[in-house]
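Counting the sequence shown from 1 gives a position; our numbering is that position plus 163.
Don't be surprised by glycine CBs; every beta carbon is placed ideally from N, CA and C.
What follows is a single structure, written as structure tokens, with notes after it.
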Amino acid sequence: MCKCCISQFLCCCGPESCGLCCSFLPSIKQSTSTRLMYAFFLLMATILSCLMLTNEAQMFITSNIQHFNYTCTFLNAGHECDKLVGYLAVYRIAFAMVAFHAFMLLATCFIYDSNNFRANLHNGFWGMKVVVLIAVCLATFFIPRDELFSTVWMYIGMVGGTLFIIFQLMLLVDFAYRWHCRWNHYARGTEKHGPNKRWLCALYFFGTLFLVLMCSSCVLLFVFYTRHEECLENKVFILLNSSLCLLMCVVSMLSCTKKVNCNSGLLQAAIIGLYVMYLTWLALASEPAKQLYDPETDSFFISFWRKASGFVGAAFMFLMAIYGSLMLSKKSDRLGVVVSNDSVKNQTTPCSFCLFNLSQSNFNHPENRGGQKVLYDEFERVLYSYSFFHFIYILATLYIMMQLTMWNNPKESVLNTFGLNWTSVWIKMATSWVCVLIFLWTVFFPTCVPGRKYIYEQHADCHTKQRPKKGTLV
Numbered sequence: 164m165c166k167c168c169i170s171q172f173l174c175c176c177g178p179e180s181c182g183l184c185c186s187f188l189p190s191i192k193q194s195t196s197t198r199l200m201y202a203f204f205l206l207m208a209t210i211l212s213c214l215m216l217t218n219e220a221q222m223f224i225t226s227n228i229q230h231f232n233y234t235c236t237f238l239n240a241g242h243e244c245d246k247l248v249g250y251l252a253v254y255r256i257a258f259a260m261v262a263f264h265a266f267m268l269l270a271t272c273f274i275y276d277s278n279n280f281r282a283n284l285h286n287g288f289w290g291m292k293v294v295v296l297i298a299v300c301l302a303t304f305f306i307p308r309d310e311l312f313s314t315v316w317m318y319i320g321m322v323g324g325t326l327f328i329i330f331q332l333m334l335l336v337d338f339a340y341r342w343h344c345r346w347n348h349y350a351r352g353t354e355k356h357g358p359n360k361r362w363l364c365a366l367y368f369f370g371t372l373f374l375v376l377m378c379s380s381c382v383l384l385f386v387f388y389t390r391h392e393e394c395l396e397n398k399v400f401i402l403l404n405s406s407l408c409l410l411m412c413v414v415s416m417l418s419c420t421k422k423v424n425c426n427s428g429l430l431q432a433a434i435i436g437l438y439v440m441y442l443t444w445l446a447l448a449s450e451p452a453k454q455l456y457d458p459e460t461d462s463f464f465i466s467f468w469r470k471a472s473g474f475v476g477a478a479f480m481f482l483m484a485i486y487g488s489l490m491l492s493k494k495s496d497r498l499g500v501v502v503s504n505d506s507v508k509n510q511t512t513p514c515s516f517c518l519f520n521l522s523q524s525n526f527n528h529p530e531n532r533g534g535q536k537v538l539y540d541e542f543e544r545v546l547y548s549y550s551f552f553h554f555i556y557i558l559a560t561l562y563i564m565m566q567l568t569m570w571n572n573p574k575e576s577v578l579n580t581f582g583l584n585w586t587s588v589w590i591k592m593a594t595s596w597v598c599v600l601i602f603l604w605t606v607f608f609p610t611c612v613p614g615r616k617y618i619y620e621q622h623a624d625c626h627t628k629q630r631p632k633k634g635t636l637v
């Protein structure tokens with residue numbers, strides 16, 4: 164227990180990575196522990212931002228804290244602290260998170276060895292980081308409440324949120340291509356074993372499965388979202404995106420496309436098409452309620468779901484943002500950001516934290532620290548780009564901020580109606596169109612996509628100019 168307490172102290176005030184005091188828990192890697200801690204920071208900021216947009220939270224504080232309004236007036240925070248709530252409060256919290264990660268981005272540039280002070284700053288000193296982050300967050304509330312700050316920060320958030328969406332789409336397209344290329348490589352076989360029909364059947368099966376799901380989703384959207392005559396926008400959205408999905412599948416199957424990109428195939432087109440239809444469904448579900456819904460005749464379940472949909476949507480949005488952030492930082496090479504794989508000598512920089520310098524024996528015996536074992540998997544070199552990791556978290560913070568504040572209509576943002584507005588509809592529809600454009604770009608210009616060269620080098624037989632063998636999925 165004493166060793167665990169010392170370890171937790173070093174985690175808060177030193178370069179140690181964090182782990183729990185329960186020794187029966189499975190081991191955790193240093194790189195995983197660090198990323199989970201930053202994800203926890205983002206979770207706390209998101210929860211606080213959601214509370215700032217909830218009228219019930221402000222009413223609860225006002226009714227349960229004595230002299231609350233007097234305190235707000237004394238602090239010059241407005242009547243019942245109206246300056247500390249609403250979309251401007253979300254802007255300020257996001258500004259603090261962006262400033263924190265921007266500082267960490269600059270402090271962790273060009274790090275290839277984890278045994279120096281800057282790497283320790285990224286992986287440790289969590290207690291100090293919490294204090295600094297809280298101080299910066301409190302300082303942002305002293306920013307003058309004017310239109311200049313909100314307008315400029317809104318446009319910055321739009322750019323950052325859009326970039327985060329584009330990066331997520333690029334990662335999805337890359338996932339589809341790698342799946343197809345890997346299985347197609349197994350189906351071709353080697354000179355020793357020859358073609359493998361089982362992998363070929365698997366390619367056909369999943370390609371057909373995703374194609375059937377895509378077509379079924381088109382039919383279901385027409386059935387459930389075009390019942391009323393007022394649903395003209397829904398019909399246009401569904402027809403347009405269905406046509407784009409059909410276009411992607413046809414283009415991927417053409418023989419002339421194979422001459423440009425030998426990696427094109429039905430599987431990745433069907434995957435992207437299914438995701439486009441999923442975005443279409445999200446867009447249609449985000450349309451605000453009109454005269455089609457009668458609150459007096461709605462059942463209790465429907466009324467309850469409309470009230471709870473904002474909280475469920477915010478939670479799902481955060482999970483998607485965290486997943487995208489972790490995957491983008493982990494697989495940065497697929498976006499063209501590659502960490503040097505050259506061997507780096509373990510040198511101690513002049514500003515090393517000598518009091519907590521970790522020797523190699525500490526890495527080989529993680530159980531000496533007590534509690535949960537932390538495996539120092541970055542002893543020889545870093546496994547991901549620290550600076551790019553913080554850049555992605557900047558974009559994720561801006562994305563969450565824009566989602567909570569309705570992008571270009573922040574004054575109308577309320578958590579109870581999260582995602583139920585026309586701005587969200589158009590954002591999701593635009594995302595689906597950008598996804599189609601990215602996929603078509605990779606089909607016709609595969610070598611111009613960051614990270615695409617890696618696939619070509621890994622599967623050289625997929626890269627030759629020869630015609631595909633008979634029986635290969637096209």
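Buried versus exposed call for residue i [16 or more other C-beta atoms within 10 Å across all chains shown]
i	result
N527	Any reading at N527 must be qualified, since the residue scores a pLDDT of 44, below 50, and its modelled position is unreliable; the value itself is stated next. Exposed: under 16 other Cβ atoms inside 10 Å.
C425	buried
R341	buried
H285	buried
V261	buried
L395	exposed
E541	buried
C381	buried
R390	exposed
V413	exposed
R361	exposed
I297	exposed
L445	buried
Residue i to residue j span [Cα, whole Å]
i	j	result
T586	F552	29 Å
F554	A265	7 Å
W316	R308	12 Å
V295	T271	17 Å
E642	L447	No information on residue 642 is available, as it lies outside the stretch 164 to 637 that the chain covers here.
E575	N584	10 Å
W289	M200	8 Å
N573	G323	Asn is not the amino acid found at residue 573; the sequence shown has Pro there. Distance between the alpha carbons of P573 and G323 is about 16 Å.
P358	Y367	15 Å
W604	D337	12 Å
S190	K536	5 Å
T325	I319	10 Å
Y562	G352	43 Å
Contact set for residue i: own chain, Cβ-Cβ below 8 Å, skip 5 residues either direction
i	result
R255	C300, T303, F304, I306
V597	I328, I329, L332
N571	M317, M321, T586
I485	A202, L205, L206, A559
F373	L430, A433, I434, G436, L437
Pair within 8 Å by beta-carbon distance, residue i and residue j
i	j	result
L429	M440	no
A220	L211	no
Y556	S449	no
N404	S196	no
M565	M411	no
Y549	I274	yes
T209	F481	yes
I401	L376	no
V248	S427	no
S492	R198	yes
M490	L269	no
Neighbourhood of residue i by C-beta, 7 Å cutoff - its chain only, sequence neighbours within 5 removed
i	result
S515	Legend: pLDDT at S515 = 42, less than 50; position of this residue unreliable, value from coordinates given subsequently. Counting only Cβ-Cβ distances below 7 Å, and skipping sequence neighbours, we find N279, F280.
L407	V439, V599
I150	Because the chain in this structure spans residues 164 to 637, residue 150 falls outside the shown range and cannot be described.
Collapsed DSSP secondary structure at residue i in the structure displayed
i	result
L538	strand
K192	strand
F273	coil
P307	coil
H391	coil
L437	helix
V577	coil
E450	coil
C425	coil
N347	helix
P609	helix
K494	coil
T568	coil
E396	helix
N283	helix
F288	coil
Proximity test, Cβ basis, 8 Å: residue i and chain B
i	result
S277	Judged by its chain identifiers, the structure shown contains no chain B, having just a single protein chain.
Cutoff 6 Å; reference residue i; Cβ partners in own chain excluding five residues on either side
i	result
A282	I274
Y388	N397, L447
F464	Here F464 scores only 49 on pLDDT, less than 50, and its place in the model is too uncertain to base an answer on.
Y250	T568, P573, S576
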